[in-house]
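Inspection log for the structure reproduced underneath, given as structure tokens.
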Amino acid sequence: MRRFAGPVLLAAGLLVAVWLPNGVYTGLAVDLLCWALFAVSVDLLLGYAGLLSFGHAAYWGSSAYATGLLAVHLGLPFPLAVLGGALTAALIAVPVGYLAVKRVGIYFAMVTLAFAQMIYFIANEWRSVTGGENGMQSVPRTLGSVDLSDNYYFYYAALPIVLGGLGLTWRIVHSPFGRVLVAIRDNPARARALGYPVHRYKLAAFVLSAFVAGLGGGLFALAHQFVSLDTLHWTTSGKAVIMVVLGGIGTLWGALFGSSFVVVLEDSLSQADFASPGLITGGVFVLAVLLFRRGLWGTVAAFLRRRF
Numbered sequence: 030m031r032r033f034a035g036p037v038l039l040a041a042g043l044l045v046a047v048w049l050p051n052g053v054y055t056g057l058a059v060d061l062l063c064w065a066l067f068a069v070s071v072d073l074l075l076g077y078a079g080l081l082s083f084g085h086a087a088y089w090g091s092s093a094y095a096t097g098l099l100a101v102h103l104g105l106p107f108p109l110a111v112l113g114g115a116l117t118a119a120l121i122a123v124p125v126g127y128l129a130v131k132r133v134g135i136y137f138a139m140v141t142l143a144f145a146q147m148i149y150f151i152a153n154e155w156r157s158v159t160g161g162e163n164g165m166q167s168v169p170r171t172l173g174s175v176d177l178s179d180n181y182y183f184y185y186a187a188l189p190i191v192l193g194g195l196g197l198t199w200r201i202v203h204s205p206f207g208r209v210l211v212a213i214r215d216n217p218a219r220a221r222a223l224g225y226p227v228h229r230y231k232l233a234a235f236v237l238s239a240f241v242a243g244l245g246g247g248l249f250a251l252a253h254q255f256v257s258l259d260t261l262h263w264t265t266s267g268k269a270v271i272m273v274v275l276g277g278i279g280t281l282w283g284a285l286f287g288s289s290f291v292v293v294l295e296d297s298l299s300q301a302d303f304a305s306p307g308l309i310t311g312g313v314f315v316l317a318v319l320l321f322r323r324g325l326w327g328t329v330a331a332f333l334r335r336r337f
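In my numbering, the protein residues as written are 30 to 337.
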């Protein structure tokens with residue numbers, strides 16, 4: 030049964046992805062895709078490299094702004110604009126990661142947060158480019174003569190990019206490179222003694238994670254046709270971490286489940302005119318941490334492995 034569990038789960042996930050905009054309203058469906066990429070990128074860094082970043086919104090947001098600029102000023106088709114935004118995020122991650130991976134634990138988290146706040150400040154002050162507090166408005170999403178004004182059609186146009194980002198992440202963690210990352214996470218001293226350049230592996234994981242986050246951020250900008258400073262705020266990084274911990278660290282599927290749960294919960298609370306959705310989300314997070322140490326998805330997966 031374990032041999033067939035992976036293909037069955039993958040087929041079910043693809044069916045849900047194809048059906049999704051027919052089951053929920055299209056704006057929510059597109060948001061689910063974008064946040065899934067962001068959560069998976071954080072899980073790649075936290076779950077497999079053991080690096081907790083409190084500043085990953087820097088790459089989500091910088092890609093959103095870069096994608097918006099490419100779409101507005103150069104009129105690029107939206108896949109090229111998203112790719113350009115993701116590459117921008119990866120480029121920004123190189124110097125930040127080079128300095129951050131030399132630290133461990135809470136020091137690494139604080140360094141990433143500091144750089145993220147610096148990028149937030151630059152975006153806020155560079156009003157001639159980013160729009161400052163007003164944000165970047167009327168971001169076009171074009172693909173030749175294809176009409177993507179309806180979110181329903183944009184969802185299916187964006188779906189291959191999302192599946193490509195998820196497939197890239199899956200390939201990374203199931204490659205020899207990913208296994209070395211897990212070894213570094215579990216025992217960096219032993220990995221270093223075996224001859225692996227620990228800092229280089231961590232930097233590569235950091236940049237790849239930023240690239241995947243950038244894919245989600247670029248699609249998020251085009252989905253809303255608007256980019257605001259919220260995409261760079263530290264609370265956005267915290268939200269992604271909550272998604273990963275809630276679903277299950279180091280599972281990938283857990284990141285998908287956690288992001289879907291949080292996005293749908295917040296959407297339901299906002300439609301119910303609930304004044305403080307963060308209160309409910311935080312309460313659910315605390316209960317999950319206390320009762321499900323491996324996250325919701327991780328706990329279920331561990332139970333099924335013991336049974337079968």
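Beta carbons are placed, not taken as given, at the ideal position from N, Cα and C, and that holds for glycine.
Residue i vs residue j beta-carbon contact at 8 Å
{"i": "Ala-46", "j": "Leu-188", "result": "yes"}
{"i": "Leu-251", "j": "Val-168", "result": "yes"}
{"i": "Asn-86", "j": "Ala-41", "result": "It is worth fixing the name first, because residue 86 is Ala in this sequence and not Asn. It is not a contact, given that the beta carbons lie outside the stated cut-off."}
{"i": "Val-59", "j": "Asn-216", "result": "no"}
{"i": "Ile-271", "j": "Phe-240", "result": "no"}
{"i": "Ala-119", "j": "Gly-247", "result": "no"}
{"i": "Ala-100", "j": "Arg-170", "result": "yes"}
{"i": "Leu-172", "j": "Ala-186", "result": "yes"}
{"i": "Asp-176", "j": "Tyr-184", "result": "no"}
{"i": "Leu-105", "j": "Gly-245", "result": "no"}
{"i": "Ile-190", "j": "Pro-306", "result": "no"}
{"i": "Ala-220", "j": "Ile-213", "result": "yes"}
{"i": "Gly-267", "j": "Thr-117", "result": "no"}
Closer than 8 Å to chain C by CB, residue i
{"i": "Trp-48", "result": "The structure shown contains no chain C; it holds only a single protein chain."}
Cβ separation of residue i and residue j, assumed to be a contact under 8 Å, to the nearest whole Å
{"i": "Pro-277", "j": "Arg-323", "result": "Sequence check: residue 277 is Gly here, not Pro. Rounded, the Cβ-Cβ distance is 5 Å, consistent with contact."}
{"i": "Phe-255", "j": "Gly-164", "result": "6 Å"}
{"i": "Leu-275", "j": "Leu-325", "result": "6 Å"}
{"i": "Glu-162", "j": "Leu-258", "result": "7 Å"}
{"i": "Val-211", "j": "Trp-64", "result": "That pair is no contact at about 25 Å."}
Among the options, the one whose alpha carbon lies nearest that of residue i
{"i": "Val-130", "options": "Val-227, Gln-254, Val-202, Phe-150", "result": "Val-227"}
{"i": "Arg-208", "options": "Ala-65, Tyr-77, Gly-307", "result": "Tyr-77"}
{"i": "Phe-83", "options": "Val-241, Val-329, Tyr-136", "result": "Tyr-136"}
{"i": "Leu-195", "options": "Val-318, Leu-44, Gly-56, Leu-281", "result": "Leu-281"}
{"i": "Val-329", "options": "Thr-310, Gly-283, Leu-308, Val-318", "result": "Gly-283"}
{"i": "Trp-263", "options": "Thr-141, Leu-98, Val-158", "result": "Thr-141"}
{"i": "Val-318", "options": "Val-273, Ala-118, His-253, Ala-68", "result": "Val-273"}
{"i": "Ile-201", "options": "Val-53, Asp-72, Ala-143", "result": "Asp-72"}
{"i": "Ala-269", "options": "Ser-70, Leu-39, Leu-38", "result": "Ser-70"}
{"i": "Leu-80", "options": "Gly-104, Gly-56, Gly-279", "result": "Gly-279"}
{"i": "Thr-159", "options": "Thr-55, Thr-96, Pro-306, Gly-267", "result": "Thr-96"}
With three or more C-beta pairs closer than 8 Å as the rule, is the segment 86-103 touching the segment 286-300? The answer is no - the segment 86-103 does not touch the segment 286-300, with fewer than three Cβ pairs under 8 Å.
Three or more beta-carbon pairs under 8 Å between the segment 121-135 and the segment 228-235, yes or no? Contact between the segment 121-135 and the segment 228-235 is present, because at least three Cβ pairs lie under 8 Å.
Go through the segment 100-183 residue by residue and report every complete run of the beta strand (DSSP E) that reaches 3 residues or more, in order. none
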